[in-house]
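Numbering (our numbering), first residue to last: 672 to 1226.
Heads up, the beta-carbon is just placed ideally off N, CA and C, and yes, glycines get one too.
Computed from a predicted structure; not experimentally measured.
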């Protein structure tokens, strides 16, 4: 039986406690984590033993377990999930489902595109991107090896750009249609070097469902436990190597030995209000996806000396709809935002109003005139600001304003429908016969809102948005009473920050050295540091899990 003395166990658990690895992380550990060491016996006995422990059963964790089963020689894997769903309780089950890939012919172009998206940021090294792209080129092969059939998924192959409708298939540009541009930044020279894989079969409806089925098909070597939250890592105080982990099993701490390593796939900190304020300057926002991403792993990794990066990166924000009384929320894509304007609590427009990755960028691209410095749209929360594309956190409260002529399209002209009923009777909107009366209802300065609407209507008359350069295809005046307003609140999908990882998916300490036997994948320390390509998070969930497994196996 393997044992670790209580003294060494405690030293490992508290190796860097109090050193200020990350300010603000003290309150984000899982329930019971602070009590786990004190609950240990005089000598800590390993309750379980596996070759690899994977933490988090979303796409990253499931991919890691499957990769180990496929590439290994019978190594055993414990896959623990904090929530109750075997699909994971983070963002994977709620995502759009696109997995970015490339092929050998387009690898060089894909790498260049990745570097273009990185821009002037320097924290994600070239070798990390190079390894990522190398594995992306065999993503489709991995899916097939894991059991995917041709009828389970659709490929949008590298080499061409697409417009995609809400079903994910090719579409034609038709003026004000709200369809997505693929790739997300067509202005970059080699952007079409990325393709997308999306599961759409009768049984394998999402990549998460497929990967769970692959996990279940390898139950001879994979043991999955749900309702099992990680509470700490066990670290050798001398070598700094990770020896195992402790997780909560129905209120009972279980110490599990990991012979070859621990792969951390815990997602982000979307459900941790303090961390959202500290790292993203978000005081109020709606999280669209899972409910278990409370940042537990950040404190756990800080305690064993991990360094952190990209803590200010995220997917979002967009302006989602909020019922007037705050009782319900609807995603941003349920609104036909091109049929009105959006104002802040000051009554003024503050951006180009529309949150879709479409319109002018695609039109200019198709005409061979794309210019990243002048095009406008929203790209996972990045907006053109001064000719650059920083991440922008939208105001805590905004108002989507439109008129009677556009009411039908405003509430039912999005990718989805806000309501089939009268939006006022349903509590989603307020209406008034004049702009001044509407301003009083939503508590914004009447003179400002009147001026804003007048300027916007003049833009529509001239066919030029001379404030924020919104596409002429998406210019509809606010002129026919009654007038409506819908309350909006920023929303987002995921954060990208976490422990620094290298090209071998190893988590690094604050000296830039790998912490032995500790790895990460997915959004827990994502490689995305600047502009983001949709589907990139799912791709790194799959591929950095494969990288971590290959490192563990010495390949």
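Going by alpha carbons, who is nearest to residue i out of the options?
i, options, result
"residue 936", "1182, 1145 and 753", "753"
"residue 915", "1207, 718 and 1130", "718"
"residue 1147", "1129, 899 and 1058", "1129"
"residue 905", "1214, 876, 755 and 972", "972"
"residue 786", "775, 798 and 776", "798"
"residue 1067", "1089, 1075, 751 and 993", "993"
"residue 804", "1215, 950, 1063 and 1133", "1215"
"residue 818", "716, 870 and 808", "870"
"residue 985", "974, 1009, 978 and 959", "959"
"residue 926", "981, 857, 1076 and 716", "716"
"residue 1000", "1100, 1182, 1180 and 1109", "1100"
"residue 1074", "1103, 823 and 801", "1103"
"residue 889", "1055, 742 and 1098", "742"
"residue 983", "996, 1002 and 951", "951"
"residue 812", "1135, 868 and 1123", "868"
"residue 1019", "962, 1043, 1002 and 1121", "1121"
"residue 885", "1180, 1124 and 757", "757"
"residue 1182", "744, 979 and 963", "979"
"residue 1123", "1108, 1211, 1025 and 1021", "1021"
"residue 924", "827, 907 and 900", "900"
"residue 1025", "1015, 1062 and 1009", "1009"
"residue 1063", "1163, 1225 and 1133", "1163"
"residue 613", "1174, 1092, 749 and 814", "This structure does not reach residue 613, given that the chain is present from 672 up to 1226, and the question cannot be answered."
Looking only at its own chain, which residues have a Cβ that is under 6 angstroms from the Cβ of residue i, when we skip the five neighbours before and after it?
i, result
"residue 1023", "1047, 1139 and 1141"
"residue 1202", "788, 1053 and 1060"
"residue 722", "746, 747, 930 and 931"
"residue 755", "897 and 898"
"residue 1127", "1012"
"residue 1131", "1146 and 1148"
"residue 966", "699, 940, 943 and 946"
"residue 1055", "1047"
"residue 856", "862"
"residue 1051", "986 and 1203"
"residue 792", "1200 and 1201"
"residue 1076", "1151"
"residue 875", "823 and 881"
"residue 859", "784 and 787"
"residue 1094", "1082 and 1100"
"residue 872", "822 and 823"
"residue 1107", "1117"
"residue 913", "904, 906, 933, 1188 and 1189"
Please go through the same chain and pick out, in chain order, the residues whose beta-carbon is closer than 8 angstroms to the beta-carbon of residue i, but skip the five residues on each side of it.
i, result
"residue 1209", "730, 763, 766, 768, 769, 770, 771 and 878"
"residue 948", "954"
"residue 1195", "727, 731, 935, 936, 937, 938, 939, 968, 1169 and 1170"
"residue 1105", "1152 and 1154"
"residue 910", "1187"
"residue 1111", "1103 and 1117"
"residue 816", "741"
"residue 996", "1098"
"residue 1180", "911, 976, 977, 978 and 1186"
My assumption, with CB atoms under 8 angstroms, is that residue i sits in contact with residue j. Please give the rounded CB distance.
i, j, result
"residue 941", "residue 1165", "6 angstroms"
"residue 1085", "residue 1005", "5 angstroms"
"residue 932", "residue 1188", "4 angstroms"
"residue 961", "residue 1207", "The Cβ separation is near 18 angstroms, so there is no contact."
"residue 1058", "residue 1041", "Actually they do not touch by this definition, with Cβ atoms about 14 angstroms apart."
"residue 1217", "residue 738", "5 angstroms"
"residue 1221", "residue 981", "Their Cβ separation, rounded to whole angstroms, is 23 angstroms, which puts residue 1221 and residue 981 out of contact at 8 angstroms."
Sorted by chain position, which residues of the same chain lie with C-beta nearer than 7 angstroms to residue i's C-beta, five sequence neighbours on each side aside?
i, result
"residue 830", "777 and 863"
"residue 1219", "735, 934, 1176, 1190 and 1192"
"residue 1065", "988, 990 and 1161"
"residue 854", "832, 862, 863, 865 and 1204"
"residue 773", "781, 804, 807, 808, 829, 864, 865 and 866"
"residue 795", "789, 1198 and 1200"
"residue 1113", "1070, 1101 and 1156"
"residue 1088", "1005"
"residue 702", "With a pLDDT of 43 at residue 702, under the threshold of 50, the modelled position of that residue is not reliable, and no figure is offered here."
At 3 residues or longer, what runs of the beta strand (DSSP E) sit wholly inside the segment 982 to 1019?
985 to 993 and 1012 to 1015
Taking only runs of the beta strand (DSSP E) that begin and end inside the segment 950 to 978, which ones reach a length of at least 3 residues, in chain order?
none
Can you list, in chain order, the stretches of the beta strand (DSSP E) that have 3 or more residues and sit fully within the segment 735 to 762?
748 to 751
Contact between the segment 909 to 929 and the segment 887 to 899 is defined here as three or more beta-carbon pairs at a separation below 8 angstroms; is this criterion met?
yes
Where in the segment 1068 to 1113 do unbroken runs of the alpha helix (DSSP H), each at least 4 residues long, occur, reported from the N-terminal end onward?
1078 to 1083 and 1106 to 1113
Could you tell me which whole alpha helix (DSSP H) segments of length 4 or greater appear in the segment 890 to 952?
944 to 951
Pick out the complete beta strand (DSSP E) segments inside the segment 762 to 805, 3 residues or longer, and give them in chain order.
769 to 772
Could you name each continuous beta strand (DSSP E) segment of 3 residues or more that falls completely within the segment 1150 to 1226, going from the start of the chain to the end?
1154 to 1166, 1177 to 1179 and 1185 to 1191
Alpha helix (DSSP H) segments (min. 4 residues) lying fully within the segment 804 to 834:
810 to 816
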